[in-house]
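As they're listed, the protein sequences go chains A, B and C.
Positions 7 to 345 (the numbering used here) are the ones given, in order, by the first sequence.
Positions 7 to 345 (the numbering used here) are the ones given, in order, by the second sequence.
Positions 7 to 345 (the numbering used here) are the ones given, in order, by the third sequence.
The C-beta atom is built at its ideal place from N, Cα and C for all residues, glycine as well.
The structure presented is a predicted model; accordingly, all values stated were derived computationally and were not measured.
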Amino acid sequence: MNYTLGDLAALLDVELRGDPSLRIDGLASLKHAGPGKLSFLSNPRYVSQLASTRASAVIVEPALAVSSPCAQLISSAPYVTYARASQLFAPRLSSSAGVHPSACVHPSVIIGEGVSIGPHAVVEEGVTIGAGSVLGAGCSIGAGSTLGENCRLFANVTLYHDVHIGNRVVLHASVVLGADGFGFAFDGRQSIKIAQLGGVRIGDDVEIGAGSTVDRGALDDTIIEHGVKIDNHVQIAHNCVIREHTIICGCSAIAGSTTIGRYCTIGGGVGIIGHLNITDKVMISAMSLVSQSIAESGVYSSGTGLLESKEWKRNIVRFRQLDDMAKRLRELEKITLGK
Amino acid sequence: MNYTLGDLAALLDVELRGDPSLRIDGLASLKHAGPGKLSFLSNPRYVSQLASTRASAVIVEPALAVSSPCAQLISSAPYVTYARASQLFAPRLSSSAGVHPSACVHPSVIIGEGVSIGPHAVVEEGVTIGAGSVLGAGCSIGAGSTLGENCRLFANVTLYHDVHIGNRVVLHASVVLGADGFGFAFDGRQSIKIAQLGGVRIGDDVEIGAGSTVDRGALDDTIIEHGVKIDNHVQIAHNCVIREHTIICGCSAIAGSTTIGRYCTIGGGVGIIGHLNITDKVMISAMSLVSQSIAESGVYSSGTGLLESKEWKRNIVRFRQLDDMAKRLRELEKITLGK
Amino acid sequence: MNYTLGDLAALLDVELRGDPSLRIDGLASLKHAGPGKLSFLSNPRYVSQLASTRASAVIVEPALAVSSPCAQLISSAPYVTYARASQLFAPRLSSSAGVHPSACVHPSVIIGEGVSIGPHAVVEEGVTIGAGSVLGAGCSIGAGSTLGENCRLFANVTLYHDVHIGNRVVLHASVVLGADGFGFAFDGRQSIKIAQLGGVRIGDDVEIGAGSTVDRGALDDTIIEHGVKIDNHVQIAHNCVIREHTIICGCSAIAGSTTIGRYCTIGGGVGIIGHLNITDKVMISAMSLVSQSIAESGVYSSGTGLLESKEWKRNIVRFRQLDDMAKRLRELEKITLGK
């Protein structure tokens, strides 16, 4: 796969300073790029690498173009332009249209144009699969579920019954959508299962990472809106609502019936307890526990910070004396300051 | 699926106040219910919604029955009655009895009456599957394992060899039971694998959520007793024992050889280190780290609580000065209080 | 499976004190061992169990051999000798060489001698599988990937395209290698996907636990070096480098572009943020968050320790007053100590 620099500038809709006939056969970081590669500078931390890069061309902001030792693609948002360029160099994963002979597809299934259903996939009664969608090997799609157009399901994805996903949705390997929410009523002796009667609805342009799970709702549906991006090993419990364009990093868990607003960024390993409301544009830092609703946009954190264990042990002992210390401090203030 | 209110009262063994011929075709929350729906009130927080609900009937406590604007099913435990009612409205997932032609089942396998083995399932030598059990698409059952009656394994579940599960066990998609415990001996240069020679034993009425894992024991078995409910993404390491009716919420991890008592509730994202004993009726709040045994029932927590990051950063700096602060406070007390 | 004690001593290369003709048919702990079993003492905590064990033989250090009531295998490293012994008693999992008729293997695939490809496995174009490797049921291997010799993939493992693994690598059920790293560029309105153009490289003698994921690199590869052992539910993000012989316990997550040195031990549930450098021989205790690079070997921790919730709530309130308390303490010191 290769392009002339002139073609790239046209495809990416940016200004070119340099030889349009130069051939570019891949992307690389400033440090590791060699001839034929296109690189980019988006993080000011790496500006010193610009002068010495061996890349044939770089994507840079207008202000930095002068200091580039090679051809330049001038972009006001180099990272976004790099993202678009990366898609031009992505390998086309082979997936011939049609149903693989080893797949088990119920005769009632409606299959759009150009759909590819991989080996050993199973598609149950009443499913609809939109044009151009690709189901990887070993995927299992439960009865009555619907997939939009141009979706991509990698291997061993499981959708239970009545899971509805939009267009251009990417589900990585071993994703599970629509498993029962975790609901039980305790009768004093044992836990009685609450049948999970809702479904799952996923908007357009959602991507969900390997092994992540979105449970079906208890009564209403669990909802992931347009443009949400979810990393690996994330758990979304029943009846959560994740609003548009929110990002959830790996290994985070959202307990039941919590709503997360638009354009939030949930760091890795975050836990959010159930029945909360998180407003728009909230950032939660890695491994924080969110135990109350958040009504104001902003950045939130919890935890103690990392210490050498010896030092940590000394301080941890004091943590449990903290309330006592606070009271003693107040006592001293009364005596010393007379107030 | 629908019932008359009279039939529902009989099936749920509760008193009906209202027209027994009324038809009910589903469950809904007080807020979203419309005509034909049965709702319930179990959380006092929602009592104000009772007066305005459009449900045709509600499950309520005797004391609240008078204020209901519609027919009532009177229950001393409305949430439990709701759980039982939800099961009456759960869709029957189609799974015709018999072995799907694409499944690979070793001739030695003993298959009970009414068993359903789905497409592309693999069942190895010497397995026994009890009457009425259903194996979803792509499940893999290792040699010598046994399943009780009326178990339900959803798609892509993996059981290694010598995994023994009881009756009415539900395993959600991508569950893995019996993978090797994480055991290595370091010889000063590299890690030498300790073969994991034990198995896994799961009691009756256990439910395990999507993607959760229970490792096989090193020498003895890993044990999950009757009635335990485990949510998604939970890790139970080798030689753990989880006693009857304990609940483990999503993304929690129990390290090796730890025993958890009966009727415990382990919150989401909790970590419990190895070789501990947790007594009965212990509750651990979300994302706590349990680093020592717990001998008394009660509620336990760890963590700092969530703060706005600016405020958090100010305090986190002090956390590492905490021991120093405690000593300085003591010093002042000696001087000021003379003791 | 059984051995004479004399044969075991020879196979394990240790000194025998006792009857070499004694037959040993299994391993057991000191407490649970009966006649015919071999046990071991490696943890001094269990030394009191040595006198009363019913095992036929024990693996012990030279100094403890005198107090053993049965035959002894004398080892300077009993735990390592136990590990080696355990491998002698591990069941040989049946996996007949050859390609199962239900597997889908592209004609271009190069298959080494003695390879076993299980039912419903899928192997795409251009894959190479080294001699003696075993692929379990439902595994999916993407185009151009390579497996070394004597690898073992359990059921439902997914390798994307261009994933390269060394010799004697063990991948447990539902492992996913080579899914897209979590990379998006935000254009002010939505997240633009950054195509993940790198691959994954795994060294020799690596073991990866059930459900764990290693993402492919954005530009360069994600790398796991020789001898690394990774437990269940671990997430390794794009462009991480995990150096030789490091151990990563269950449910830990390493964010993108972080490098972890050799012979580190990362406890369970640990989070390590992106773009960090962790030097060799670092231990991180369970559920710590590592938010900065670590340049010195040692043990590191974070968190507050577990408290009864009532006590915890009292102290947690003070955590957010900590900075204020520190300032007030300083004020008192100025007055009382005059400095």
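Nearest-angstrom Cα distance between B:Val305 and B:Gly273?
11 Å
Under 9 Å by beta carbon: chain B residues contacting A:Glu317:
Arg326, Asp329
Residues that DSSP places opposite A:Arg207 in a beta bridge:
A:His170, A:Ile229
Since B:Arg79 meets chain A, which of its residues come closer than 9 Å, beta carbon to beta carbon?
Correcting the residue identity first, residue 79 of chain B is Leu in this sequence and not Arg. Ordered by position in chain A, no residue passes the 9 Å Cβ test against B:Leu79, which lies about 15 Å from the chain.
Chain F within 8 Å of B:Arg98, Cβ atoms only:
Here the protein chains are A, B and C, and chain F is not one of them.
Inspect the beta-carbon positions of A:Leu44 and A:Ala61 and report whether they are closer than 8 Å.
yes
Can you name, in chain order, every residue of its own chain whose Cβ lies under 7 Å from the Cβ of B:Leu18, other than the five neighbours on each side?
Leu79, Thr87, Arg90, Ala91
Coil, strand or helix - B:Met7 by DSSP:
coil
Report yes if the CB atom of A:Ala185 is closer than 8 Å to the CB atom of B:Gly24, and no otherwise.
no
Which residues of chain B have a Cβ atom closer than 7 Å to the Cβ of C:Gly275, listed in chain order?
Ala259, Gly277
Indicate whether C:Val206 and C:Leu183 have their beta-carbon atoms separated by less than 8 Å.
yes
Give the single residue among B:Ile284, B:Ser180, B:Leu159 whose Cα lies nearest to the Cα of B:Ile347.
The displayed coordinates of chain B run from 7 to 345. Any statement about residue 347 of chain B would go beyond what the structure contains.
Quick one: is B:Phe412 near chain C, going by C-beta distance under 8 Å?
No answer is possible for residue 412 of chain B: the residues shown for chain B start at 7 and end at 345.
Where the alpha helix (DSSP H) containing B:Val323 begins and where it ends
315-325
Could you give the DSSP three-state label for C:Met289: helix, strand or coil?
strand
Look up C:Glu250 in the DSSP assignment and say whether it is helix, strand or coil.
coil
Going along the chain, which residues of the region 120-136 of chain C sit with their C-beta nearer than 8 Å to a C-beta in chain B?
Gly124, Pro125, His126
Kindly indicate which three-state DSSP category B:Ser73 falls into: helix, strand or coil?
helix
How about C:Asn162 and C:Gly187: are their beta carbons less than 8 Å apart?
no
Would you mind stating whether B:Gly309 and A:Leu295 have Cβ atoms separated by less than 8 Å?
yes
Under the three-state reduction of DSSP, which class applies to C:Glu21: helix, strand or coil?
strand
Bounding residues of the beta strand (DSSP E) (the contiguous stretch that carries B:Leu44):
43-46
For B:Val276, report the span of its alpha helix (DSSP H) as first-last.
From DSSP, B:Val276 is part of no alpha helix (DSSP H); its letter is neither H nor E.
I'd like the span of the alpha helix (DSSP H) that includes A:Ala89, first residue to last.
84-94
Uninterrupted alpha helix (DSSP H) stretches inside the region 143-187 of chain A (no shorter than 4 residues):
none
Locate the beta strand (DSSP E) running through C:Ala63, then write down its first and last residues.
63-66
Range of the contiguous beta strand (DSSP E) that encloses A:Lys199:
197-199
Determine whether the Cβ of B:His170 lies closer than 8 Å to any Cβ atom of chain C.
no
Measure the alpha-carbon distance for C:Ile242 versus C:Glu131 and round it to whole angstroms.
26 Å
To the nearest angstrom, how far is the alpha carbon of C:Ala259 from that of A:Ser299?
26 Å
Just to confirm, is the Cβ distance from B:Leu203 to C:Leu14 under 8 Å?
no
Partners in chain C for A:Phe1, counting only beta-carbon separations shorter than 7 Å
Outside the displayed range of chain A (7 to 345) lies residue 1 of chain A, so it cannot be described from this structure.
Taking the alpha carbon of C:His112 as the point to measure from, which residue in C:Ser146, C:Arg334, C:Leu177 has its own alpha carbon closest?
C:Ser146
With distances taken Cα to Cα, identify the nearest neighbour of C:Leu36 among C:Met289, C:His167, C:Val64, C:Ala127.
C:Val64
Nearest-angstrom Cα separation, counted from B:Gly209 out to B:Ile266:
15 Å
Listing by chain order, which chain A residues have their CB less than 8 Å from the CB of B:Val86?
Ala191, Phe192, Asp193, Ile198
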